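S.K.: Protein sequence lines correspond, in order, to chains P and F. The first sequence begins at 1 in full-length UniProt numbering and counts up by one. The second sequence begins at 1 in full-length UniProt numbering and counts up by one. The beta-carbon is built from N, C-alpha and C at its ideal position, and this holds for glycine as well. Please read all numbers here as calculations on a predicted model, not as lab measurements.
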Amino acid sequence: MEKMRFSLYRYNPDKDAKPYMQDIEVEVDATDVKLLDALVKLKAVDDTLSFRRSCREGICGSDAMNINGKNGLACVTDLRSLKQPITLRPLPGLPVIRDLIVDMTQFFKQYHSIKPYVVNDTPAPERERLQSPEDRKELDGLYECILCACCSTSCPSFWWNPDKFVGPAGLLAAYRFIADTRDTITSERLDNLEDPYRLFRCHTIMNCVDVCPKGLNPTKAIGKIKDLMVRRAV
Amino acid sequence: MSVPVRRFDAVIVGGGGAGLRAALQLSEAGLKTAVLSKVFPTRSHTVAAQGGISASLGNVQEDRWDWHMYDTVKGSDWLGDQDAIEFMCRKAPEAVIELEHFGMPFDRLENGKIYQRPFGGHMANFGKTPVQRACAVADRTGHAMLHTLYQRNVRANTQFFVEWMALDLIRDADGDVVGVTALEMETGEISVLHAKAVLFATGGAGRIFSASTNAFINTGDGLGMTIRAGIPLEDMEFWQFHPTGVAGAGVLITEGVRGEGGILLNCNGERFMERYAPNAKDLASRDVVSRAMAVEIYEGRGCGKNKDHVLLKLDHLGPEIINQRLPGIREIAIKFAGVDPIKEPIPVVPTCHYQMGGIPTNYKGEVVAPKGDNPEDRVNGFYAAGECACASVHGANRLGTNSLLDLVVFGKSAGESMIEFIRNERPAHKPLPENAADYSLSRIARLENQTNGEEVADVRTAMQQVVQRHAGVFRTQEVLEEGVKQIKAVAERVKRTQIKDKSQVWNTARIEALEMDNLIEVALATLISAEARKESRGAHARDDFPDRNDETWMKHTLYSREDFKLSYKPVHNQPLTVDYIAPQKRVY
Ligand SMILES: Cc1cc2nc3c(=O)[nH]c(=O)nc-3n(C[C@H](O)[C@H](O)[C@H](O)COP(=O)(O)OP(=O)(O)OC[C@H]3O[C@@H](n4cnc5c(N)ncnc54)[C@H](O)[C@@H]3O)c2cc1C
Ligand code: SF4
Ligand code: SF4
Ligand code: FES
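See the structure below:
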């Protein structure tokens, strides 16, 4: 048993006029290894603390939050690697609903805006559409996104223009479909992004790459889309 | 009290693989469909599936659907319904091809076809030699499948109710299903969703165990709602223990690791599976491997300072294979076991993984319940698919990769059955009973007003400890009887759960309390069904009855909530077109 100190962002619209930081300690034991384990303990002490969680293995994308100033997933963050008091805030830049829970509507709207599905209007063959291992490899580093929003909510361009800038997660997804040899609407996809805001608000600040818990690189994908734009312009 | 009523042709509870596949069918048919999910759909636990989805595509070696069927029947230890199994295995190639056409990023062979890997219990020639049947996207097959199905639903304009929790099933005086009640988490508001047809696709309930590969949200809500509505649950004694959960953490390491050549070692460095399953070795069926591991640990050949786990060795595969085919596993091992499998073995233990039983359905996804002499009378307007349903294709033990297949095959067939029902049998809504939401409202009110009650976290821990201790890999009469007694005592405590948080907006304490009501129903069903079954079959292994007893026990259990009553119904021994696969001794 050991005690750990936390500073938690709290806000309950039912009763708080404005958000505040709560200082609280919790007893953890040797089996509590991830930050999420400690949050579960905290909730057993104070059941009013609200946060999202599900898979507890870094694959569902539920428990993204701002941890000591950096976005990450609570379930894969080593508890003992964190400096105390461990300061937890909701993801920045999105409206807070309650405590660590943000309204992700804008984030998903941008994801939906890039037509996140393979379009292929040639008649479907009896069997699978063939794709070489090399062509398939182009999707690695793209399809693994878990839509946790760590990246977009660390991106200054997304903070200022969440309604206009697609953001790193959405652009990573856009490139995932552009890069798929089975998708036939690349030029329509590029048209959709040819806009001073949707794509070109990215100023290569790289915050997104720094925080992605899956080790993905949205900046690189954005660069590839920009290259394609340039190439088709000439 | 009156609550808002929303009206749809179809309501689907669950946005995992099964719910999304069904939703696609209904949306594309132009029906007004609502999909409810406790979490954003891509956060459903299907996302965690790793190893693959089975289909006899024959991309690597010759394969046939009837070989797949044979393996599934054998894997089920002859408790699976052979009509449903035939249906699933026959449809598998078409279902997987369809996923590929939807855009699922399958790994590829040199010739451009879908990559298939070996998996436990997948054999050619009616059980003779291993065959590569598991279609895979690295070790992220569930993630790729779930995201693809979600994406396809975006295209089809499916209407989602995200972060809505269904509370109870609404049945009318005829016993027909006409809708559900639900809680919107963001506002705390209760509504009635009035529907011509309702599908449950609420996933598993692995959270009744303390060590589980399941997500926090896998609380068996669909099962709780079903049994509270008076419909019995089928075969709830059968829970699969996956051989390779990370010791301590419970996080899964896919069987695909052994498919790619990983092996299990005891503390003497011995590849012990050679003794238990000389033929299939490390790739024997899951119940067989889990039991062998438990024996090794029990007999003192476990590893580590407490000798409480065995080791999964894969470094001999080389960094290239590991990085290309098992990158997610490497990530999990580093994060949750603190070892890099390129260099060191992973400590693993058998961990609760999958629920074979569930809401009784036929292969069309229609829910069936006993009525008069008919053990399988259709419950009008009610459908179930995926892990919450019992078709029953998995019988007493599920083969790896057959669940993802089950989701898409039965998700689709349930969707088709619903379309037919809505068009032909219930073109107009059947009226709601009066005060349709009263029951749910009374549950909420009880929770609000409870004083001197029990903490949800405490009763949940108590339940998990009982189930873990009394319904684990080895079962005996004494252990089970004691378990039944203890779980009934916990159930009494659950009736008095209390929460401090009384607010409306995103009250997760309330949600966890409501989930607890469902978990306890599943825990009761599990222990009571297990205590009664006096034989060993598949995942239900009893020390005191070590053999399968087909004469007495080749039948499905049905457990009802009233007086904890058990009844039984026959296994479907008649496949749709092929010959019956007669019971044999199950050796690997
Ligand atoms: C770690 C792991 C790895 C696995 N690997 C494989 C594999 O490689 N191959 C394979 O075939 N199988 C695998 N399985 C099994 C398989 O993944 C699951 O059985 C399957 O994904 C379950 O899908 P589902 O659609 O039934 O439910 P889920 O995906 O669990 O979805 C359930 C849905 O129901 C919703 N829901 C639940 N209750 C409510 C409620 N009250 N109100 C509203 N919504 C609700 C949830 O929000 C969710 O959307 C694995 C399982 C695990 C745990
Ligand atoms: S690189 Fe672009 S997308 Fe990423 S944080 Fe910076 S501005 Fe945002
Ligand atoms: S790119 Fe990474 S950080 Fe961004 S949403 Fe996807 S997984 Fe999360
Ligand atoms: S709980 Fe799923 S990513 Fe952390």
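1) Determine the chain P residues that contact residue 245 of chain F at a beta-carbon separation under 9 Å, and present them in chain order.
2) Determine the DSSP secondary structure at residue 550 of chain F, reduced to helix, strand or coil.
3) Over the uninterrupted beta strand (DSSP E) stretch that includes residue 567 of chain F, give me the two end residues.
4) In whole angstroms, give me the CA-to-CA distance for residue 93 of chain F and residue 57 of chain F.
5) In the DSSP assignment, what residue or residues form a beta bridge with residue 313 of chain F?
6) Does residue 348 of chain F come out as helix, strand or coil in the three-state DSSP assignment?
7) Can you give me, in chain order, the residues of the segment 492 to 503 of chain F that have a beta carbon less than 7 Å from any beta carbon in chain P?
8) Any idea what DSSP makes of residue 208 of chain P, helix, strand or coil?
9) Tell me which same chain residues have a C-beta within less than 7 Å of the C-beta of residue 217 of chain P, skipping the five on either side of it?
10) Taking the beta carbon of residue 576 of chain F as the centre, do at least 16 other beta carbons fall within 10 Å, making it buried, or is it exposed?
11) Classify residue 111 of chain F as helix, strand or coil using the three-state DSSP reduction.
12) In the structure shown, what three-state DSSP assignment does residue 327 of chain F receive?
13) Using the beta-carbon of each residue, which ones in chain P are nearer than 8 Å to residue 130 of chain F?
14) Going by DSSP in three states, residue 45 of chain F sits in which element: helix, strand or coil?
15) Might you give, ordered along the chain, the residues of its own chain that have their beta carbon closer than 6 Å to the beta carbon of residue 95 of chain P, omitting 5 neighbours on each side?
16) Would you kindly work out how many angstroms separate the C-alpha atoms of residue 291 of chain F and residue 580 of chain F, rounded to a whole number?
17) Opposite residue 168 of chain F in the DSSP bridges: which residues?
18) Beta-carbon within less than 8 Å of residue 172 of chain F's beta-carbon, same chain only, minus the 5 sequence neighbours each way: which residues are those?
19) Is residue 397 of chain F buried or exposed, if buried means 16 or more other CB atoms sit within 10 Å of its CB?
20) Is residue 319 of chain F near ligand 2, going by C-beta to nearest heavy atom under 8 Å?
21) May I ask whether a heavy atom of ligand 3 can be found less than 8 Å away from the beta carbon of residue 512 of chain F?
22) For a test of your reading of the model: does the CB of residue 388 of chain F fall under 8 Å from any non-hydrogen atom of ligand 1? Yes or no.
23) Just to check my reading of the structure: residue 484 of chain F and residue 528 of chain F have Cβ atoms closer than 8 Å, yes? What is that Cβ distance to the nearest angstrom?
24) Starting from the C-beta of residue 60 of chain P, find all residues in its chain whose C-beta is less than 8 Å away, skip the five residues before and the five after it, and write them out in chain order.
25) Rounded to a whole number of angstroms, what is the C-alpha to C-alpha distance between residue 186 of chain P and residue 130 of chain P?
26) Assign residue 212 of chain F to one of three DSSP states: helix, strand, or coil.
27) Going by C-alpha to C-alpha distance, which of P:35, P:233 and P:40 sits closest to residue 458 of chain F?
28) Ligand 3 and residue 146 of chain P: does the residue's C-beta get closer than 8 Å to at least one heavy atom of that ligand?
29) Keeping to the same chain, check which residues put their C-beta closer than 8 Å to that of residue 307 of chain F; ignore five residues upstream and five downstream.
30) Nearer than 8 Å: is that true of the beta carbon of residue 540 of chain F relative to any heavy atom of ligand 2?
31) What residues from chain F crowd round residue 32 of chain P, counting only those whose CB sits closer than 7 Å?
32) Where does the unbroken beta strand (DSSP E) through residue 536 of chain F begin, and where does it stop?
33) Kindly provide the ranges of any alpha helix (DSSP H) runs that are 4 or more residues long and lie completely inside the UniProt domain "2Fe-2S ferredoxin-type" (4 to 94) of chain P, ordered along the chain.
34) Give the residues of chain F in contact with residue 151 of chain P, contact being defined as C-beta atoms less than 8 Å apart.
35) Quick one: complete alpha helix (DSSP H) runs, 4+ long, within the segment 90 to 168 of chain F?
M.R.: So, to answer that:
1) Those do not exist, as residue 245 of chain F stays about 11 Å from chain P at its closest Cβ, beyond 9 Å.
2) helix
3) 566 to 570
4) 6 Å
5) F:263
6) strand
7) 499, 500, 501 and 503
8) helix
9) 141 and 209
10) exposed
11) coil
12) helix
13) Under the 8 Å cutoff, chain P gives no residues; its nearest Cβ is about 23 Å from residue 130 of chain F.
14) helix
15) 103
16) 29 Å
17) F:181
18) 178, 430, 431, 432 and 433
19) buried
20) no
21) no
22) yes
23) 6 Å
24) 54 and 146
25) 19 Å
26) strand
27) P:40
28) yes
29) 267, 297, 300 and 301
30) no
31) What residue 32 of chain P touches in chain F: nothing, since even the nearest Cβ is about 11 Å away.
32) Taken as a continuous stretch (DSSP letters only), residue 536 of chain F belongs to no beta strand (DSSP E), as it is neither H nor E.
33) 35 to 45
34) Within chain F, no residue comes near residue 151 of chain P; the closest Cβ sits about 16 Å away, beyond 8 Å.
35) 141 to 155
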